[in-house]
Amino acid sequence: MEFIIYKIILISAVLGLTLLVAMYSTYAERKVAAFMQDRLGPNRAGPFGLLQPLADGIKMFMKEEIIPDVSNKVLFVLGPCIAMVTALMTGVVIPWGPDLIIGGTHYPLQITDVNIGVLYVFGVVSIGVYGIMIGGWASNNKYALLGAIRASSQMISYEVAMGLSIISIIMMTGTLSLREIVEQQAGAHWNVFYSPLAFIIFLICAFAECNRTPFDLPECETELIGGYHTEYSSMKLGFYLFAEYINMFISSAIISCVFFGGYNFPGVDSLGLSNNIMAFLHAGILFGKIFFFIFFFMWVRWTIPRFRYDQLMNLGWKGLLPLSMVNIFITGIVMYLAGKL
Amino acid sequence: MSTPADYLPILLQFIAALGFVVLTIGATHLLGPKRHTNVKNETFECGIESVGNARVPFSIKYFLVAILFVLFDVEVIFMYPWAVNFKSLGVRGLIEMFMFMSLLLLGFFYIIKKGALKWE
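From first to last, the protein sequence lines are chains A and B.
Each residue of the first sequence is one higher than the one before, starting from 53 at the first, in this note's numbering.
Each residue of the second sequence is one higher than the one before, starting from 10 at the first, in this note's numbering.
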């Protein structure tokens with residue numbers, strides 16, 4: 053019983069934190085964009101515009117819902133719901149920090165440590181494609197349909213390369229559990245130093261999976277109005293946009309955990325702090341890494357122009373897919389030569 | 010090792026996520042104004058009257074990509090158990106997987122030569 057109560061507390065905390073980070077990512081994105089374009093950005097709601105995400109949220113709640121007459125109404129509502137639920141589900145397996153010890157009992161800062169962690173994330177992420185596809189198709193709008201088929205074929209194309217790129221990491225670690233992957237990188241033995249190619253492939257695929265620029269073909273305003281969410285309004289539109297920011301947060305967390313040592317940082321363990329303070333310090337380190345990658349996502353968005361669709365598909369299938377296979381060959385041969393077999 | 014109890018929090022998280030989504034959708038449905046007109050409920054098409062229906066055939070290329078995805082993703086799933094047991098399988102496992110992957114690459118080159126991934 054105590055187990056379930058602790059898990060419920062942890063789930064609420066992680067859920068709240070995810071939503072908070074996603075909310076303030078929208079604010080950060082506008083501030084970063086403003087900084088890069090020499091503007092001020094939002095600064096009217098609250099000090100430095102800090103209440104802007106809250107104001108946006110309330111606006112989303114109070115707007116009229118418009119469901120087109122010709123659309124498939126059930127699927128039209130179901131689409132954004134699937135997108136949001138799957139976005140919220142992926143945070144389950146991420147290890148936020150080492151165990152807390154209160155009164156001799158260990159409380160892990162991870163909702164659950166399943167031994168198929170990486171596979172679980174891939175599985176849930178691929179269900180997210182349905183949210184976009186169902187929403188775009190149900191709108192019965194030509195732009196939405198085009199956006200939806202573009203999005204789904206882009207996401208499935210990059211999923212193959214993404215799945216292959218992470219295999220070289222699993223060959224080195226020998227486990228799919230994210231906690232074990234993080235613990236093996238204690239100190240400065242980060243996987244990115246052993247397999248930089250896998251990191252680069254994974255990063256590019258993460259951009260494509262989150263539909264972020266330079267791969268935002270599904271919703272490029274100049275061609276498709278709003279892409280798959282052209283017909284959406286009020287909170288249903290909010291869910292699509294919000295799911296994108298949550299996905300960005302989660303993929304930053306996965307990148308930090310798999311390639312950048314998660315909550316590890318060289319020299320922190322020798323500080324000699326008490327266990328619980330240490331756990332929070334480690335969690336802070338993980339969040340520092342996550343925020344860096346979220347910033348990186350935004351940095352790229354406001355720096356690099358969009359790809360053309362055939363370029364995008366060529367990069368995914370003819371560039372990244374063979375490259376990630378070659379990476380597996382190289383990893384296998386190097387590990388054989390290093391006597392790790 | 011994972012026990013079935015390890016999957017219980019995933020169920021709890023699913024309930025929490027579903028609860029959040031249903032509550033929010035319900036709240037916006039109750040809070041927002043409802044002033045529907047025929048023009049407002051039409052689908053958007055650059056401000057002109059919408060022509061026909063969006064249930065139209067689209068490029069076969071997207072279907073080909075989907076089929077290729079199914080093929081390749083199954084192969085990728087095959088590699089996961091191998092990668093987890095990579096160290097214990099030893100050199101024999103390495104050679105066997107290299108043969109498997111070479112065959113996969115052969116098929117991949119066949120697809121490219123056939124022009125299944127050409128987007129012009």
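We put the CB at the ideal spot given by N, CA and C, even for glycine.
Proximal residues of chain B, C-beta to C-beta of residue i below 7 Å
i: residue 369 of chain A; result: 126
i: residue 330 of chain A; result: Here the premise fails: no neighbours, minimum Cβ distance about 24 Å.
i: residue 286 of chain A; result: 37, 41
Rounded straight-line distance, which links the Cα of residue j to that of residue i
i: residue 124 of chain B; j: residue 38 of chain B; result: 49 Å
i: residue 386 of chain A; j: residue 288 of chain A; result: 49 Å
i: residue 19 of chain B; j: residue 167 of chain A; result: 13 Å
i: residue 98 of chain A; j: residue 104 of chain A; result: 7 Å
i: residue 154 of chain A; j: residue 77 of chain A; result: 33 Å
i: residue 221 of chain A; j: residue 363 of chain A; result: 28 Å
i: residue 297 of chain A; j: residue 70 of chain A; result: 10 Å
i: residue 24 of chain B; j: residue 389 of chain A; result: 49 Å
i: residue 87 of chain B; j: residue 349 of chain A; result: 31 Å
i: residue 373 of chain A; j: residue 213 of chain A; result: 5 Å
i: residue 139 of chain A; j: residue 290 of chain A; result: 13 Å
Same chain, Cβ closer than 7 Å to residue i, neighbours up to 5 away in sequence not counted
i: residue 16 of chain B; result: none
i: residue 181 of chain A; result: 204, 207, 208
i: residue 149 of chain B; result: The requested residue 149 of chain B is not part of the displayed model; chain B covers only 10 to 129.
i: residue 186 of chain A; result: 127, 130, 131, 134
i: residue 312 of chain A; result: 242, 244, 341
i: residue 318 of chain A; result: 239, 240
i: residue 267 of chain A; result: 206, 259, 260, 359, 364
i: residue 62 of chain A; result: 163
Residues near residue i in its chain [Cβ-Cβ closer than 8 Å; skip 5 each side]
i: residue 211 of chain A; result: 174, 177, 178, 257, 261
i: residue 310 of chain A; result: 170, 218, 221, 230, 233, 243, 254
i: residue 103 of chain B; result: 95
Under 9 Å from the C-beta of residue i: neighbouring residues of chain B
i: residue 193 of chain A; result: 52, 53, 54, 59, 63
i: residue 78 of chain A; result: Within chain B, no residue comes near residue 78 of chain A; the closest Cβ sits about 16 Å away, beyond 9 Å.
Chain-ordered neighbours of residue i on chain B, where CB pairs are closer than 8 Å
i: residue 300 of chain A; result: Simply none; closest approach about 17 Å.
i: residue 392 of chain A; result: 96
i: residue 187 of chain A; result: Going along chain B, no residue has its Cβ under 8 Å from residue 187 of chain A, so there is no contact; the nearest lies around 13 Å.
C-beta contact flag for residue i and residue j at 8 Å
i: residue 169 of chain A; j: residue 255 of chain A; result: no
i: residue 195 of chain A; j: residue 277 of chain A; result: yes
i: residue 216 of chain A; j: residue 365 of chain A; result: no
i: residue 54 of chain A; j: residue 286 of chain A; result: no
i: residue 46 of chain B; j: residue 191 of chain A; result: no
i: residue 137 of chain A; j: residue 164 of chain A; result: no
i: residue 36 of chain B; j: residue 113 of chain A; result: yes
Proximal chain A residues relative to residue i, where beta-carbon distance stays under 8 Å
i: residue 93 of chain B; result: 222, 226, 227, 228
i: residue 122 of chain B; result: By Cβ distance, chain A contributes nothing, its closest Cβ being about 12 Å from residue 122 of chain B, past 8 Å.
i: residue 116 of chain B; result: Those within 8 Å of residue 116 of chain B in chain A number zero; the least Cβ separation is about 12 Å.
Neighbour list for residue i in chain A, Cβ cutoff strictly below 9 Å
i: residue 78 of chain B; result: 205, 208, 209, 211, 212
i: residue 67 of chain B; result: 197, 198, 201
i: residue 103 of chain B; result: 384, 385, 387, 388, 393
Proximal residues to residue i (C-beta, below 6 Å), its chain only, five neighbours per side dropped
i: residue 152 of chain A; result: 159, 328, 331
i: residue 106 of chain B; result: 91
i: residue 183 of chain A; result: 131, 134, 135
i: residue 93 of chain A; result: 82, 83, 86
Neighbour list for residue i in chain A, Cβ cutoff strictly below 7 Å
i: residue 119 of chain B; result: Those do not exist, as residue 119 of chain B stays about 13 Å from chain A at its closest Cβ, beyond 7 Å.
Going along the chain, which unbroken runs of the alpha helix (DSSP H) with 4 or more residues stay wholly within the stretch 247 to 284 of chain A?
248 to 261, 273 to 276
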